[in-house]
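In this note's numbering, the protein residues as written are 2 to 269. Just so you know, even glycine gets a beta-carbon here, dropped at the ideal spot from N, CA and C. This report concerns only the one structure given below.
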Amino acid sequence: MFDWLRFIWCLIVTFLLKPKHSIFVTEEEVKKKKKVTELPEVEKAKLNLLPTYRLITHYYVTPFDIDWNFHMNHTQFLTALEFARVSYIFVTGMWNNMNKFGLVPMVMGISFQFRRSVHLFKRIRVETQLISIDEHFLYFEQSCYQGNNFLGRGIVRVGVCYKNKAIANKNKEKDNTTKNSGALLATENYAKKLLLGDHDDKKKNGEENNDLKNLENLYVERQVEETRKLLSSNVKDEHFLPTMVNLMKKWERVKSFVEHDLTLKETM
């Protein structure tokens, strides 16, 4: 019951207080945030590989969240992540796209590493970002902090389906009656519909080509390939190599998540 009340409060805060932001971040926005007129090569490369918005939300530990050790129960971390993802979906406009095309998000898997405990009445900062996609799913990275202390990090795999229909997968969209017939959504279309929304409006504003490029850059196989190329380049910047190594770790987490999931499939 308390989680439902907190969920309602989360929605109120998201709608009334959180500023809306596009799913993709532009170079101009990064320049403005960093207060520079030109981005260094490392920032340009990072933005090209990971062009998505990162949302910061907060979760307060209440007496309903703690266990007999008087620290936050590990299952409540998943609740904190869920509230943060809901905020992310609303803030970035993904929810509007879902409603327009009749899509519903569904969590298909979570991998979380716990590093530190957090105690009663403390505030957790949750940083949520869509980091990769593939033919089937979206992959969110969600990191938890208390102040400067790292608490844990999760990779969340999210699939989409039509309302009360089958999960989107690699099968091709059959025809225009897909929504009503329950046929499966084409994978190349689910990401465009979910992340880009109305192509006609974007085309009028000259934003379509850039958004399509950002979408293509989000595919994890492409991210791995491009990062490997950058790791072998000779960019003279002391921050370049560590940044590329950290990005490669993100892609490896996604790929290891996928590979591990294959071992868990039910067999006849």
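Subject >> Nearest candidate by alpha-carbon position, reference ARG117, set GLU217, VAL43, GLY153 and PRO64 >> reply: Translated into the one-based positions of the sequence shown, residue 117 becomes position 116. The residue from GLU217, VAL43, GLY153 and PRO64 with its alpha-carbon nearest to that of ARG117 is GLY153.
Original post:
Per DSSP, what kind of secondary structure is PRO243 in: helix, strand or coil?
Top reply: Position 242 of the sequence shown, counting from 1, holds the residue named residue 243. Helix.
**OP:** Return the Cβ separation of THR129 and THR58 in integer angstroms, given the expectation that the two are a contact with Cβ distance under 8 Å.
**Re:** Indexing the sequence shown from 1 puts residue 129 at position 128. Indexing the sequence shown from 1 puts residue 58 at position 57. The Cβ separation is near 7 Å, so the contact holds.
**OP:** Pull up the distance between the alpha-carbon of THR244 and that of ALA46, whole angstroms please.
**Re:** Residue mapping note: residue 244 aligns to position 243 of the sequence shown, counting from 1. Residue mapping note: residue 46 aligns to position 45 of the sequence shown, counting from 1. Those two C-alpha atoms are separated by around 9 Å.
Subject >> Alpha carbon of GLU217 to alpha carbon of ASP135, nearest angstrom >> reply: Within the sequence shown, numbered from 1, the residue matching residue 217 stands at position 216. Within the sequence shown, numbered from 1, the residue matching residue 135 stands at position 134. Between GLU217 and ASP135, the C-alpha separation is close to 10 Å.
**OP:** Could you pull the start and end residues of the alpha helix (DSSP H) that THR76 belongs to?
**Re:** Position 75 of the sequence shown holds residue 76. 75-92 is the extent of the alpha helix (DSSP H) around THR76.
Subject >> Alpha-carbon spacing of THR178 relative to MET249, whole angstroms >> reply: Indexing the sequence shown from 1 puts residue 178 at position 177. Indexing the sequence shown from 1 puts residue 249 at position 248. Unreliable placement is indicated for THR178, whose pLDDT of 40 sits below 50; the coordinate value is still reported in the next sentence. As the crow flies, the alpha-carbon of THR178 is around 41 Å from that of MET249.
**OP:** Pick helix, strand or coil for THR228, following the three-state DSSP scheme.
**Re:** As a first step, residue 228 is located in the sequence shown; it is residue number 227 there, counting from the start. Residue state, collapsed to three classes: helix.
**OP:** Give the secondary structure of ILE67 by DSSP, where H, G and I count as helix, E and B as strand, and everything else as coil.
**Re:** Here residue 67 refers to the residue found at position 66 when the sequence shown is read from its first residue. Correct three-state label for ILE67: strand.
**OP:** Please name the residue or residues paired with ASN150 in a DSSP beta bridge.
**Re:** In the sequence shown, the residue the question calls residue 150 occupies position 149. Under DSSP, the beta-bridge partners assigned to ASN150 are GLN147.
**OP:** To the nearest angstrom, report how far apart LYS237 and PRO41 are at their CA atoms.
**Re:** Taking the sequence shown and counting its residues from 1, the one referred to as residue 237 is at position 236. Taking the sequence shown and counting its residues from 1, the one referred to as residue 41 is at position 40. Going by the C-alpha atoms only, they are around 11 Å apart.
Subject >> alpha helix (DSSP H) segment containing LEU131, residue limits >> reply: On the sequence shown, residue 131 is found 130 positions in, with the first residue counted as 1. It is not in any alpha helix (DSSP H) - LEU131 instead sits in the beta strand (DSSP E) that spans 124-134.
Original post:
If you draw a straight line from the C-alpha of GLU28 to the C-alpha of ARG223, how long is it?
Top reply: By 1-based counting over the sequence shown, the position of residue 28 is 27. By 1-based counting over the sequence shown, the position of residue 223 is 222. Their Cα atoms are separated by approximately 20 Å.
Subject >> Identity of the residue in LEU196, SER234, ILE132 and HIS137 nearest GLU253 by Cα >> reply: Position 252 of the sequence shown, counted from the start, is the residue given in the question as residue 253. Here the closest residue by C-alpha is ILE132.
Subject >> Own chain, CB closer than 7 Å to ASN181, minus 5 neighbours either side, in chain order >> reply: Counted from its first residue, the sequence shown places residue 181 at position 180. Note that ASN181 scores 42 on pLDDT, short of 50, meaning its location in the model is unreliable; the coordinates nonetheless yield the value given after this. Taken in chain order, the list of residues that qualify is empty.
Original post:
Cα-Cα, which of ASP66, LEU104 and LEU213 is closest to ALA81?
Top reply: Stepping through the sequence shown from its first residue, residue 81 is reached at position 80. Of ASP66, LEU104 and LEU213, the residue nearest in Cα terms is ASP66.
Original post:
Of the choices ILE125, HIS137 and PHE151, whose alpha-carbon is the least far from that of GLN114?
Top reply: The residue labelled residue 114 in the question sits at position 113 within the sequence shown. Residue PHE151 is the option with its Cα nearest to GLN114.
Original post:
Would DSSP call ARG55 helix, strand or coil?
Top reply: Translated into the one-based positions of the sequence shown, residue 55 becomes position 54. In this structure, ARG55 counts as strand in the three-state DSSP scheme.
**OP:** Figure out for me which residue from LYS101, LYS36, PHE122 and ARG86 has the closest Cα to the Cα of LEU56.
**Re:** In the sequence shown, residue 56 corresponds to position 55, counting from 1. Comparing Cα-Cα distances from LEU56 to each of LYS101, LYS36, PHE122 and ARG86, the minimum goes to ARG86.
Original post:
In or out: THR93 buried (at least 16 other Cβ within 10 Å) or exposed?
Top reply: For this step, residue 93 is matched to residue 92 along the sequence shown. Taking a 10 Å sphere around the C-beta of THR93, we find 16 or more other C-beta atoms and assign the residue as buried.
**OP:** Return the first residue and the last residue of the alpha helix (DSSP H) that PHE102 is part of.
**Re:** For the purposes of this step, residue 102 is taken as the residue at position 101 of the sequence shown. Counting along the chain, the alpha helix (DSSP H) containing PHE102 begins and ends at 95-102.
Original post:
For the alpha helix (DSSP H) that contains GLU42, what are its first and last residues?
Top reply: The residue labelled residue 42 in the question sits at position 41 within the sequence shown. From DSSP, the alpha helix (DSSP H) with GLU42 extends over 42-50.
Subject >> Check whether PHE25 and ASN215 have beta carbons under 7 Å apart >> reply: Translated into positions along the sequence shown, residue 25 becomes position 24. Translated into positions along the sequence shown, residue 215 becomes position 214. For PHE25 and ASN215, yes; Cβs fall inside 7 Å.
Original post:
CB GLY160 to CB MET109, shorter than 7 Å?
Top reply: Along the sequence shown, one-based indexing puts residue 160 at 159. Along the sequence shown, one-based indexing puts residue 109 at 108. The beta carbons of GLY160 and MET109 sit closer together than 7 Å.
Original post:
Which residues does DSSP pair with PRO106 in a beta bridge?
Top reply: Here residue 106 corresponds to residue number 105 of the sequence shown, with the count starting at 1. Per DSSP, VAL161.
**OP:** Would you mind sorting ALA169 into buried or exposed? The rule is 16 or more other CB atoms within 10 Å of its CB.
**Re:** Your numbering for residue 169 matches position 168 in the sequence shown. Note that ALA169 has pLDDT 47, beneath the 50 cutoff, so the model's placement of it is unreliable and the number below is only indicative. Buried.
Original post:
Alpha carbon to alpha carbon, how far is MET269 from ASP212?
Top reply: Locating residue 269 in the sequence shown gives position 268, where the first residue counts as 1. Locating residue 212 in the sequence shown gives position 211, where the first residue counts as 1. Because MET269 carries a pLDDT of 44, less than 50, the predicted location of this residue cannot be relied on, and the following value inherits that uncertainty. Approximately 42 Å, taken between the alpha carbons.
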